[in-house]
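Numbers in the numbering used here are just positions in the first sequence, counted from 1, shifted up by 1175.
To start, the structure under review is shown below, and the notes come after it.
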Amino acid sequence: MRGRARPRPSPAGAARIRDYDAGPAGCSPEDDSPQRYKGTESSGWERPGCFECACRGADLRRSMSDTPSNPAPESIHKLEAQRRANREAAAALGLKPYGGRTDGIITSELAREVYDEAANTEFNANSKTPGYADRRPVVTIAGRVVLARDNGKLIWLSLRDHTGDLQVAVSQRECDEMGFRLAKLTDLGDVVIATGRVMKTRTGEVTVWATGLAPASKCLVPPPEKHAGLHDVEIRYRQRYVDLWANPETLKVFELRSRIVARVRAFMQGRGYLEVETPMLQTLAGGAAARPFVTHMNALDIDLFMRIAPELYLKRLLVGGLPRVFEINRNFRNEGLDKQHNPEFTMLEAYHAHGDVETVMELTESAVRDAAKMIAGDGPAVLPFGDLTIDYDRGFDRVSYGELFERAYGFAMTDTARAREELKKHHPHLLKNNPRAIDEMDAALVINELFEEKGESQLDPSRPTFITDYPSAISPLTRPKPDNPALADRADLFIAGMEIAPHYTELNDPDVQEAKFREQLKGMDAETSAEENTFRTFDEDFIRALKVGMPPAGGMGLGIDRLVMLLTNQRTIRDVLLFPMMRPEE
RNA sequence: GAGGGCGUAGCUCAGCUGGUAGAGCAUCGGCCUUUUAAGCCGCUGGUCCAGGGUUCGAAUCCCUGCGCCCUCACCA
1176 MRGRARPRPS PAGAARIRDY DAGPAGCSPE DDSPQRYKGT ESSGWERPGC FECACRGADL
1236 RRSMSDTPSN PAPESIHKLE AQRRANREAA AALGLKPYGG RTDGIITSEL AREVYDEAAN
1296 TEFNANSKTP GYADRRPVVT IAGRVVLARD NGKLIWLSLR DHTGDLQVAV SQRECDEMGF
1356 RLAKLTDLGD VVIATGRVMK TRTGEVTVWA TGLAPASKCL VPPPEKHAGL HDVEIRYRQR
1416 YVDLWANPET LKVFELRSRI VARVRAFMQG RGYLEVETPM LQTLAGGAAA RPFVTHMNAL
1476 DIDLFMRIAP ELYLKRLLVG GLPRVFEINR NFRNEGLDKQ HNPEFTMLEA YHAHGDVETV
1536 MELTESAVRD AAKMIAGDGP AVLPFGDLTI DYDRGFDRVS YGELFERAYG FAMTDTARAR
1596 EELKKHHPHL LKNNPRAIDE MDAALVINEL FEEKGESQLD PSRPTFITDY PSAISPLTRP
1656 KPDNPALADR ADLFIAGMEI APHYTELNDP DVQEAKFREQ LKGMDAETSA EENTFRTFDE
1716 DFIRALKVGM PPAGGMGLGI DRLVMLLTNQ RTIRDVLLFP MMRPEE
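This is the structure in structure tokens:
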């Protein structure tokens, strides 16, 4: 009996732990022998409570019910039935198939690190000597069984946790009887806890030579093929819980995502920006032109919109006197799905009072470079993205909207007559309903139609580039350039052909802003459906806020999902979202 | 929205111009105390996405539907 129950928050919990600690692989920190290794707080995964508290909540309570009830046998797949039978067999031995709290578990990575060559050599030389004291370290690890080789009286298991795989040997001679019998009943995919000495096999593989093996959870579903892994992208997205353990590189991407977000957040805070949270449920969905999701609030009996951008609220904060603010959170846009778009996506928006477009361009460039450096580690911040190699160290390029236009079409964008002719040539479908449509279109929209067709593709995708000097007419929240009001103080960062971040010198004159809003609404009435117009409402409170006085400001929005795609070399947004939007099953 | 591709055992995938549905891994039974995708022997396993059609005969050809992927279009 190695453990005694420690005081627990709940009596029921204490009883369970006592039961468990009496089990074969039970472990309790109090009886640590000198060479016993416990976890250190070396990474985010090891923070207090992270690993352990997951065992303490309601889920545990639910899973602790000792005799699971089986569904109707005819509805169960044969492979699942066999696994259920193994679970019952383990329960019949007195083991708890769904385990319980276990303290002192360390990662497979750490277990590998504490391997002691000297102690192992000494053991191999002296193990037959009477009174010899084994100095090889004792560890407890937990993980999914991803490989199993049953040699009869010796069973090799590979346990996988979030840090990697580690081999466990369960021998009839040295493991306790319950542990050995459990090993015989273990299916691939089960979560087990192994305790034993860390040694090296003849072939040099670090291995935990088990003295105890305990169940932690049963995998009733046959796991993916052990070598090929899970390839079916649909199952990977729909059942991310399988993907994450069956394909370690998936977990890697999401660990990196978390580190990138944390890094960007720390960078912003380091620059003096205050992180805030503004409403996601809004009575008017403003700050961008996109179709919002509509929902309904019962208590007030009003329709609400999921936000499409936090912009108008963040600007209200500048009015209130907050000098620099940012928010990293979800936006929702009721639009299509593709490799770069998910209906909910994460955006960093930041506003800098008394700054301008240049202020926030520098901010974005530095933040992106900083994150890239973290990913690159010691080397230069040069990262692959598909076939491209992107250098984040060198200064980002700049090219004006007008120059790209000219590069693409061979004439200046000020030649609007020629632009109309060009658009008629390329887009006859625009004339289908109204032969004069293009002649009636606003000149700036004509130019922008053409620009979006071919302008961005003039860029070198491997060079992060700011496109500057957008036309004012397509930038309603942006201040026009003082020396040329037809152009706006706006710059968009493009990397690898993706729009990563727009930057603006924000409009802060309430009268100009109001006029632009009205103009925009007018334009919408002409060519958008009634349904779409329902959400293009005039935000009077925002104008009122500007009347109170907003300092001049620079603002930017950085697409976090796309940044993560770039830095982790994932070609589709779905590979950087844990649970991408999928059509419901059935 | 248009075009293309894919959907076969739990998983990864073959299956040719139409002729009894296959492999590897997993599972199941047997042997094995230093294996490395363990090995050896034996066995199982299918709504070929769904529905309809052509045909003596359909996983295969045709039509419709569903799902996923890709390209394009739409999208401040």
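Here a beta-carbon is modelled for each residue, glycine too, at the ideal position from N, C-alpha and C.
Check your understanding: For Pro1636, is the beta carbon positioned less than 6 Å from some heavy atom of the ligand COA?
Key -> In the structure shown, the ligand COA is absent, as is every other ligand, since no ligand is present at all.
| Leaving out the 5 sequence neighbours to the left and right, which residues in its chain are closer than 6 Å to Gly1318 when beta-carbon positions are compared? | Leu1334, Arg1335 and Asp1336
Reference Ala1671; option with closest CA among Thr1370, Glu1689, Gln1633 and Trp1331: Gln1633
query: What distance in whole Å lies between the Cβ atoms of Gly1274 and Pro1390, which are believed to be in contact at a cut-off of 8 Å?
result: About 6 Å; that satisfies the 8 Å criterion.
Quiz item: Lys1375 by DSSP, collapsed to three states: which one?
Solution: Strand, per DSSP.
Problem set entry | Residue from Glu1288, Gln1695 and Lys1514 whose Cα sits closest to the Cα of Arg1737 | Lys1514
Inset, instruction - Answer with buried or exposed for Leu1456, where buried requires no fewer than 16 other C-beta atoms within 10 angstroms of its C-beta. - result: exposed
Lys1271 - DSSP class collapsed to helix/strand/coil
coil
Buried or exposed: which applies to Tyr1416, given that a residue is buried once 16 or more other Cβ atoms fall within 10 Å of its Cβ? exposed
Spatial neighbours of Gln1688 in its chain, beta-carbon cut-off 7 Å, leaving aside the 5 residues before and after:
Here the set comprises Leu1682, Ile1718 and Leu1721.
Under 8 Å, with one C-beta from each stretch per pair, do the segment 1457-1469 and the segment 1480-1490 reach the 3-pair mark?
Yes, they touch.
Item to complete: Note down the Cα distance separating Tyr1448 from Val1345, rounded to an integer number of angstroms.
Response: 55 Å
Worksheet entry | Residues near Gly1339 by beta carbon distance below 7 Å, same chain, minus five either side | Ser1283 and Glu1284
### Query
So what does DSSP say about Lys1548, is it helix, strand or coil?
The answer is helix: DSSP assigns Lys1548 an H, G or I state.
> If you compare alpha carbons, which of Glu1631, Asp1325, Ala1663 and Glu1760 is closest to Ile1675?
Replying inline: Glu1631
task: Would you list the one or two residues that DSSP bridges to Ile1477?
output: Met1472
Ile1642 and Asn1623: beta carbons closer than 7 Å? no
_I need the straight-line Cα distance from Met1405 to Glu1540, nearest angstrom please._
Reading the sequence as shown, one finds Leu at residue 1405 and not Met. Taking the straight line from one Cα to the other gives about 37 Å.
- Can you tell me which of Asn1517, Val1313 and Arg1665 puts its alpha carbon nearest to the alpha carbon of Asp1291? Val1313
* Asked: Roughly how many angstroms lie between the CA atoms of Lys1600 and Leu1625, to the nearest whole one?
  -> 11 Å
**Q.** Glu1624, DSSP secondary structure in three states
**A.** Helix, per DSSP.
Determine the extent of the alpha helix (DSSP H) in which Phe1669 is found, giving its start and end residues.
Segment Arg1665 to Ile1670 is the beta strand (DSSP E) holding Phe1669; no alpha helix (DSSP H) there.
**Asked** Buried or exposed: Arg1758, going by 16 or more other Cβ atoms within 10 Å of its Cβ?
**Response** exposed
- Give me whichever residues DSSP pairs with Met1731 in a beta bridge. Ala1525 and His1678
Q.
Excluding the 5 residues flanking Tyr1576 on each side, which residues of the same chain have their C-beta closer than 6 Å to its C-beta?
A. Ile1642, Asp1644 and Tyr1645
Could you pull the start and end residues of the alpha helix (DSSP H) that Ile1649 belongs to? No alpha helix (DSSP H) holds Ile1649; DSSP gives it neither H nor E.
Quiz item: Taking the alpha helix (DSSP H) that Leu1285 falls in, what are its first and last residues?
Solution: Ser1283 to Glu1288
- To the nearest angstrom, how far is it from the Cα of Met1756 to the Cα of Arg1413? 9 Å
query = What alpha helix (DSSP H) runs, 4 residues minimum, are completely inside the segment 1290-1362?
reply = 1292-1301 and 1352-1360
Contacts around Glu1400, its chain only, beta-carbon distance under 8 Å, and the 5 residues preceding and following it disregarded
none
* **Proximity of His1678 and Val1500 at Cβ, strictly below 7 Å** => Result no, Cβ atoms of His1678 and Val1500 do not sit closer than 7 Å.
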